[in-house]
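Trainee:
Residue numbers (my numbering): 261 to 564.
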């Protein structure tokens, strides 16, 4: 929070807390009731997808990241593109909450995992900056991998430095993985581009690529494929990817995109958007109780 001084009727200043963006939990983690909502600076509920600012800074190559999954954890959490308020929820399949399998030598997710708000990988048309691929987006915000040391928290909002990207092809859709590092990390000043990650953090990029290739194998699915023969793209190219996805989001939230199963555009702050609401008064917060059970499968290690 930020402390400010507010004069009243010419009298001595009063102390007032100016809230920063934060998150608020509804329901217990590892249950189907769990949701983490964006809490705006006025204390109202907002959308992680639409109301948290991207704050993309081309000169410093920084942007705002929303943490969905802390490093070494197994629960598959993500920003819901359909629920009112776009909270972070645990993904489910056939009524069962989803947990990621352990691919040796990793436990759960190898790094902090999250998303860039106010970005969208468009499923209605192919990317203009990768015309040779002719692949459409996966209908979600851009994924971000924070390779820093500090474990993030679900719903945490932070600034990261953009270093590069990996173009995953998931079920025929383009699913960019943006490589970044928390600006507060002790290595952040040493890392300016993707090549610096290779030299300062040996094997990290190769291990991460192998993890993305194999992480679905325990579920019986084939290995994932990559565009560009699995080569990481540099920071300059990646900035273009982010800017394109930010423009696609703007078209989406302004109601200019037509198609099936598009995300909800309900929001609390985007002026001119047909989805702009007075507030998310229909969002009901549930009490937070004991954590749900984590299945035994999260203790198994798979080798490939």
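Ideal Cβ placement from N, Cα and C applies to all residues, glycine included.
Keep in mind that this is a model prediction, so the values were computed, not measured.
(1) Applying the 10 Å Cβ sphere with the 16-neighbour rule, what's the burial state of residue 409?
(2) Are the CB atoms of residue 423 and residue 457 nearer to each other than 8 Å?
(3) Taking DSSP as the reference, what is the three-state secondary structure of residue 294?
(4) Should residue 504 be labelled buried (16 or more other beta-carbon atoms within 10 Å of its own) or exposed?
(5) Could you please give me the residues that DSSP links to residue 404 through a beta bridge?
(6) On the premise that residue 437 lies in contact with residue 447, defined as a C-beta separation below 8 Å, what is that separation, rounded to the nearest angstrom?
(7) Which parts of the segment 321-407 are runs of the alpha helix (DSSP H), unbroken and 4 residues or longer, counting only runs that do not cross its ends?
(8) For residue 379, is the classification buried or exposed, using 16 other Cβ atoms within 10 angstroms of its Cβ as the cut-off for buried?
(9) Residue 546 and residue 306 - do their beta-carbons sit closer together than 8 Å?
(10) Which whole-angstrom value describes the C-beta separation of residue 308 and residue 346, a residue pair presumed to lie in contact below a C-beta threshold of 8 Å?
(11) Just the Cα atoms here: how many angstroms apart are residue 413 and residue 550?
(12) What do you get for residue 498, buried or exposed, if any count of 16 or more other CB atoms within 10 angstroms of its CB means buried?
(13) One question on the structure: do residue 343 and residue 312 come within less than 8 Å of each other, judged by their Cβ atoms?
(14) With 16 other CB atoms within 10 Å as the buried threshold, where does residue 468 fall?
(15) What does a CB cutoff of less than 6 Å around residue 393 pick up in its chain, not counting 5 residues either side in sequence?
(16) Just tell me which of 326, 513, 500, 471 has its CA closest to the CA of residue 442.
(17) Is it true that the CB of residue 397 sits closer than 8 Å to the CB of residue 433?
(18) I need the straight-line Cα distance from residue 349 to residue 478, nearest angstrom please.
(19) Please list, in chain order, all residues of the same chain as residue 553 whose beta carbon is under 8 Å from its beta carbon, the five residues on each side excluded.
(20) Taking the C-alpha atoms as reference points, what is the distance between residue 506 and residue 495?
(21) Among 525, 449, 470, 399, whose alpha-carbon lies nearest the alpha-carbon of residue 564?
(22) Is residue 264 buried or exposed, if buried means 16 or more other CB atoms sit within 10 Å of its CB?
(23) Straight-line CA distance for residue 431 to residue 330?
(24) Which residue comes first and which comes last in the beta strand (DSSP E) that contains residue 623?
(25) Rounded to whole angstroms, what's the CA-CA distance from residue 445 to residue 480? Just pull it up for me.
(26) Considering Cα atoms alone, identify which of 387, 376, 439 is closest to residue 338.
(27) Is DSSP giving residue 317 helix, strand or coil here?
(28) Quick check: what's the CA-CA separation for residue 369 versus residue 533?
(29) Note down, in chain order, each residue of its chain lying with its Cβ closer than 8 Å to the Cβ of residue 292, except the 5 sequence neighbours on either side.
(30) Suppose contacts are defined by Cβ-Cβ distances below 8 Å. Is residue 304 in contact with residue 527 by that definition?
(31) For residue 389 and residue 492, what's the separation of their Cα atoms in angstroms?
(32) What is the rounded straight-line gap between the Cα of residue 556 and the Cα of residue 361?
(33) Going by DSSP in three states, residue 503 sits in which element: helix, strand or coil?
Mentor: The relevant details are as follows:
(1) Taking the first residue of the chain shown as 1, we reach residue 409 at position 149. So residue 409 ends up on the exposed side.
(2) Translated into positions along the chain shown, residue 423 becomes position 163. Translated into positions along the chain shown, residue 457 becomes position 197. Taking 8 Å as the Cβ cut-off, residue 423 and residue 457 qualify as a contacting pair.
(3) The residue given as residue 294 occupies position 34 in the chain shown. Residue state, collapsed to three classes: coil.
(4) Taking the chain shown and counting its residues from 1, the one referred to as residue 504 is at position 244. Classification of residue 504: buried, given that the 10 Å Cβ count is 16 or more.
(5) Here residue 404 refers to the residue found at position 144 of the chain shown. Partner(s): 374, 438.
(6) To locate residue 447, count along the chain shown from 1; it is residue 187. To locate residue 437, count along the chain shown from 1; it is residue 177. That pair is no contact at about 19 Å.
(7) none
(8) By 1-based counting over the chain shown, the position of residue 379 is 119. Burial call: buried.
(9) By 1-based counting over the chain shown, the position of residue 306 is 46. By 1-based counting over the chain shown, the position of residue 546 is 286. No; because the gap between Cβ atoms is not below 8 Å, this pair is not in contact.
(10) Taking the chain shown and counting its residues from 1, one reaches residue 308 at position 48. Taking the chain shown and counting its residues from 1, one reaches residue 346 at position 86. So it is a contact: roughly 5 Å between Cβ atoms.
(11) Within the chain shown, the letter at position 153 stands for residue 413. Within the chain shown, the letter at position 290 stands for residue 550. Computed Cα separation, rounded: 18 Å.
(12) The residue given as residue 498 occupies position 238 in the chain shown. Residue 498 should be labelled buried.
(13) Along the chain shown, one-based indexing puts residue 343 at 83. Along the chain shown, one-based indexing puts residue 312 at 52. For residue 343 and residue 312, no; Cβs fall outside 8 Å.
(14) Locating residue 468 in the chain shown gives position 208, counting from the first residue. By the 10 Å Cβ count, residue 468 comes out buried.
(15) By 1-based counting over the chain shown, the position of residue 393 is 133. If we look at residue 393 and ignore the five residues flanking it on each side, its Cβ neighbours are 487.
(16) Here residue 442 corresponds to residue number 182 of the chain shown, with the count starting at 1. Closest by alpha carbon: 326.
(17) Your numbering for residue 433 matches position 173 in the chain shown. Your numbering for residue 397 matches position 137 in the chain shown. In this structure, residue 397 lies closer than 8 Å to residue 433 by Cβ.
(18) As a position in the chain shown, residue 349 is number 89, starting the count at 1. As a position in the chain shown, residue 478 is number 218, starting the count at 1. Approximately 23 Å between the Cα atoms of the pair.
(19) In the chain shown, residue 553 corresponds to position 293, counting from 1. So the qualifying residues of the chain are 290.
(20) Sequence index remark: in the chain shown, residue 506 carries index 246 (1-based). Sequence index remark: in the chain shown, residue 495 carries index 235 (1-based). If you take the alpha carbons of residue 506 and residue 495, they lie about 16 Å apart.
(21) Locating residue 564 in the chain shown gives position 304, where the first residue counts as 1. Considering only alpha carbons, the answer is 470.
(22) One-based indexing of the chain shown puts residue 264 at position 4. In this predicted model, residue 264 has a pLDDT of only 34, less than 50, meaning its place in the structure is not dependable; the value taken from the coordinates is given anyway. Counting Cβ neighbours within 10 Å, residue 264 comes out exposed, since fewer than 16 surround it.
(23) In the chain shown, residue 431 corresponds to position 171, counting from 1. In the chain shown, residue 330 corresponds to position 70, counting from 1. Approximately 25 Å between the Cα atoms of the pair.
(24) Any answer about residue 623 is impossible in this case: the structure gives the chain only from 261 up to 564.
(25) Indexing the chain shown from 1 puts residue 445 at position 185. Indexing the chain shown from 1 puts residue 480 at position 220. The straight-line gap from Cα to Cα measures roughly 37 Å.
(26) Sequence index remark: in the chain shown, residue 338 carries index 78 (1-based). The residue with the shortest Cα to Cα distance from residue 338 is 376.
(27) On the chain shown, position 57 is the one that residue 317 refers to. Reduced to three states, the DSSP call for residue 317 is strand.
(28) Your numbering for residue 369 matches position 109 in the chain shown. Your numbering for residue 533 matches position 273 in the chain shown. One C-alpha to the other measures close to 35 Å.
(29) Residue 292 sits at position 32 when you count from the first residue of the chain shown. Taken in chain order, the residues that qualify are 350, 352, 357.
(30) Counting from 1 along the chain shown, the entry for residue 304 is found at position 44. Counting from 1 along the chain shown, the entry for residue 527 is found at position 267. Taking 8 Å as the Cβ cut-off, residue 304 and residue 527 do not qualify as a contacting pair.
(31) Here the question's residue 389 lines up with position 129 in the chain shown. Here the question's residue 492 lines up with position 232 in the chain shown. C-alpha separation (whole angstroms): 15 Å.
(32) Mapped onto the chain shown, residue 556 falls at position 296. Mapped onto the chain shown, residue 361 falls at position 101. Near 11 Å, if we compare the C-alpha coordinates of residue 361 and residue 556.
(33) Working through the chain shown from its first residue, we reach residue 503 at position 243. Helix, per DSSP.
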